[in-house]
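K.L.:
Could you have a look at this structure, given as structure tokens, before my questions?
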Amino acid sequence: PTSTPEPPPTPLPPGLLPPLATPTALTAAPQAAWPFGPHREGTSLPIPPNLVSVALLGAEGQSQWRTDSIMLVMLNPDTQRVGIISLPRDSWVTIPGYGHNRINTVDYLGESTRYPGGGPALLKRTLWENFGLPMHYYARVHFGGFIQIIDTLGGVDVTVDCEIADIFPHPTKPGQLVHMDLYPGVNHLDGTMALLYSRSRLSTSDFDRARRQQSVMKGLYQQARRTDTISRIPQLYQDLRETVQTDLSLTDIVALARHGLAVEPENVDAIVINHKLMRDWITPQSAMVLLPNEQLLQQTLTDFFNRLNLPPARSLAEAAQVVIENQTNYPNWAEVASSRVAWAGGSVNAVESKPTPGSKTQIIAYISGKSDTLTALAEAFGLDTASIVAGDPNGSERTHGEDIRIILGYDFQVCRR
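Numbered per the working numbering, the sequence shown spans residues 120 to 536.
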């Protein structure tokens, strides 16, 4: 006897989230159990067994979209570490069953051809077979949803390190233009401006766009940590049904938020698969695409997952106390420096302004035992170990009892791409 194969499932239409029966379920069970089991998959990468990986897919919401951004956000609950990987949309990949194309075509291809599980299922298999990267869940966020999320949270503070200017058609108001002029320092952005900052292509590369998208994500993370975000998740879940599609349930989202927002900034590791890890290639059809530098990319991903397997970098009480001494005439540079200190595991307890002609950037360490933080700071500021000098613990320049003093000179690499 023969059996007739079942037809593939119809993809979830745009604008439909799984129904939410009880918007206030969170208050009834504030300490819901961790709903994710171990994800054990065969790969040469040292992927943590309980890692949860969510693909954030930016889409314009048009009838034949190409994914504007692909970002994997990963949480290792065993070590309380978060990892973020941004993939370039022009990566040339093997799409199982469909030949070769850019990775930004995969989601639409899976939806339009009714691949079992739709576009996310095809993307999951493509990521796994091309890069060995796990993807367990997805959230497809249309531009309107992105704007709404940020506006609901009251905007987002983004540390801009490279000056940028551009003009865009307004994403939600046809016929209107939006001018963007942002300078180094902390900029408070509403949803529209955050979207435009994330998407600008003028005089920048896709790699730089990915770097800026990660800056916005970090700003959102910090904004969520400062506000009562958990209690607002059920209402956001309902409000975003028109502009977000996901296979995460409300319980899943709450569990991820509880664990993710408890992660300290220095335990968030973000990488961009950039021009150092990819190489240009022209297809037989004369399309400019990107191929991986396989050995270097494999080593980079191995190092990334090894870091996700490490214990947390420190407890809050062990944070190095840092003073930033800005010896330039650019006060906003100190804001950029403060952000880098926080993400490297330090705590800024004072900023001093002492403009000094010809000053050089350096790190002064007054106490021992902070070698990991010093190494992270040197990397964050683009310095070598020769720029780390020992200071006199009893010296008069140690004005705040700090562990580390960072001198910002005119050679400070404020714009690092």
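C-beta atoms are modelled at their ideal positions from N, C-alpha and C, and glycine is treated no differently.
(1) Please indicate yes or no: does the CB of residue 431 lie closer than 7 angstroms to some heavy atom of the ligand SAM?
(2) For the beta strand (DSSP E) holding residue 259, just list the boundary residues, first then last.
(3) Taking all protein chains shown into account, decide if residue 407 is buried (16 or more other Cβ within 10 angstroms of its Cβ) or exposed.
(4) Pick helix, strand or coil for residue 142, following the three-state DSSP scheme.
(5) With a CB to CB cut of under 7 angstroms and the five nearest residues on each side skipped, what residues in its chain are close to residue 275?
(6) Leaving out five residues before and five after residue 301 in sequence, what residues of the same chain have Cβ atoms less than 6 angstroms from its Cβ?
(7) Quick one: residues in its chain with C-beta nearer than 7 angstroms to the C-beta of residue 459, no 5 flanking neighbours on either side, listed in chain order?
(8) Buried or exposed, going by whether 16 or more other CB atoms sit within 10 Å of the CB of residue 330?
(9) Which residues in the same chain as residue 411 place their Cβ atom closer than 7 angstroms to its Cβ, once the five residues preceding and following it in sequence are excluded?
(10) Does DSSP put residue 406 in a helix, in a strand, or in coil?
(11) With DSSP run on the structure shown, which of helix, strand or coil describes residue 232?
(12) Taking residue 205 and residue 190 to be in contact with their CB atoms under 8 angstroms, please state how far apart those CB atoms are, rounded to whole angstroms.
(13) Can we say the segment 361–372 touches the segment 242–261, given the rule of at least three CB pairs closer than 8 angstroms?
(14) Between 481, 484, 489, 448, which has its C-alpha nearest residue 472's C-alpha?
(15) Report yes if the CB atom of residue 355 is closer than 8 angstroms to the CB atom of residue 271, and no otherwise.
(16) Under the DSSP definition of a beta bridge, which residues are partnered with residue 308?
(17) In angstroms, rounded to a whole number, what distance separates the CA positions of residue 510 and residue 242?
(18) Is the beta carbon of residue 211 closer than 8 angstroms to that of residue 359?
(19) Please decide whether residue 464 counts as near chain B, where near means a Cβ-Cβ distance under 8 angstroms.
(20) So who's on the other strand from residue 192, going by DSSP bridges?
(21) Quick one: what does DSSP say residue 519 is sitting in, helix, strand or coil?
(22) Identify the continuous beta strand (DSSP E) that holds residue 466 and give its terminal residues.
(23) Is it right to say residue 347 is buried, meaning 16 or more other beta carbons lie within 10 angstroms of its own, or is it exposed?
(24) Could you tell me whether the segment 487–498 touches the segment 461–478, using the rule of 3 or more Cβ pairs below 8 angstroms?
(25) Do you know offhand how far residue 315's Cα is from residue 187's?
(26) Rounded to whole angstroms, what is the Cα-Cα separation between residue 371 and residue 286?
(27) Alpha helix (DSSP H) containing residue 413: first to last residue?
(28) So which of 263, 506, 391, 524 has the shortest CA-CA distance to residue 512?
(29) Residues in the same chain with beta-carbon distance under 7 angstroms from residue 249, minus the five sequence neighbours each way, listed in chain order, please.
(30) Keeping to the same chain, check which residues put their C-beta closer than 8 angstroms to that of residue 327; ignore five residues upstream and five downstream.
(31) Around the C-beta of residue 400, are 16 or more other C-beta atoms found within 10 angstroms, so that it is buried, or is it exposed?
(32) Name the two residues that bound the continuous alpha helix (DSSP H) containing residue 287.
(33) What first and last residue would you give for the beta strand (DSSP E) that runs through residue 494?
(34) Spell out the partners DSSP gives residue 364 in its beta bridges.
(35) Could you check whether residue 527 and residue 445 sit closer than 8 angstroms to each other, using their CB atoms as the reference points?
(36) For the candidate residues 195, 178, 185, whose alpha-carbon lies nearest to that of residue 423?
P.N.:
The answer reads as follows:
(1) Among the components of this structure there are no ligands whatsoever, and the ligand SAM is therefore not found.
(2) 256–261
(3) exposed
(4) For residue 142, the pLDDT reaches just 31, beneath the cut-off of 50, and the residue's location in the model is therefore unreliable, although a value from the coordinates is still provided. Looking at residue 142 - three-state DSSP - the assignment turns out to be coil, as it is neither helix nor strand.
(5) 269, 308, 313, 335, 338, 339, 342
(6) 279, 283
(7) 499, 500
(8) buried
(9) 396, 397
(10) coil
(11) coil
(12) 5 angstroms
(13) yes
(14) 448
(15) yes
(16) 275
(17) 52 angstroms
(18) no
(19) Absent from the structure: chain B. Only one protein chain is present.
(20) 173, 203
(21) coil
(22) 465–472
(23) exposed
(24) yes
(25) 12 angstroms
(26) 38 angstroms
(27) 413–427
(28) 524
(29) 212, 213
(30) 281, 536
(31) exposed
(32) Per DSSP, residue 287 belongs to no alpha helix (DSSP H); it is in the beta strand (DSSP E), 283–288.
(33) That residue, residue 494, is in no beta strand (DSSP E); its alpha helix (DSSP H) goes 490–499.
(34) 259
(35) yes
(36) 195
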